[in-house]
Amino acid sequence: MRKKIRVEDFLPRIPRSDFAEQLMGYRLTTAEILYHMPDHPDLLQSFTWQFQDLVPEFPVLRRFLKFWEENIEARLHSVTVASAALVKPAEVRFADREFRLH
717 MRKKIRVEDF
727 LPRIPRSDFA
737 EQLMGYRLTT
747 AEILYHMPDH
757 PDLLQSFTWQ
767 FQDLVPEFPV
777 LRRFLKFWEE
787 NIEARLHSVT
797 VASAALVKPA
807 EVRFADREFR
817 LH
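In terms of this note's numbering, the sequence shown has 761 at position 45, counting the first letter as 1, and numbering is strictly consecutive.
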């Protein structure tokens, strides 16, 4: 069976800035993760993580939670997610004028 070839496989991986990600639809996302301590299962510990992610799919958060469940002993209790669009495409526009001071 032939391997599917994608154009993206041949493009250079260019690091993106947070601003570029925001223009692509990423939002500042905060996740509060409550989990049971492995040695003390009756205690809940809180872990807060802030990152850029796509709403409503949350692919970054989903990958992280999958990694957690597969590699970390602590059992998840709950995850609370909040996100905010810091830059909206309508807010980005070209300047109407340019002023120069000598």
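Glycine included, C-beta positions come from ideal geometry on N, C-alpha and C.
Q766 is a Cβ neighbour of L744, given a cutoff of 8 angstroms. Note: E748 is bridge-paired with T764, T796 in the DSSP secondary-structure output. By the CB criterion at 8 angstroms, I749 and F763 fall inside the cutoff. Its chain contains R743, S799 as the residues whose beta carbon lies nearer than 6 angstroms to that of V771, once the 5 sequence neighbours on both sides are disregarded; these appear in chain order. Short of 6 angstroms from the beta carbon of L759, and not among the five residues preceding or following it, lie these beta carbons of its own chain, in chain order: M753. Per the C-alpha coordinates, the member of H756, Q768, T746 positioned closest to Q738 is Q768.
Under the three-state reduction of DSSP, D734 is assigned to helix.
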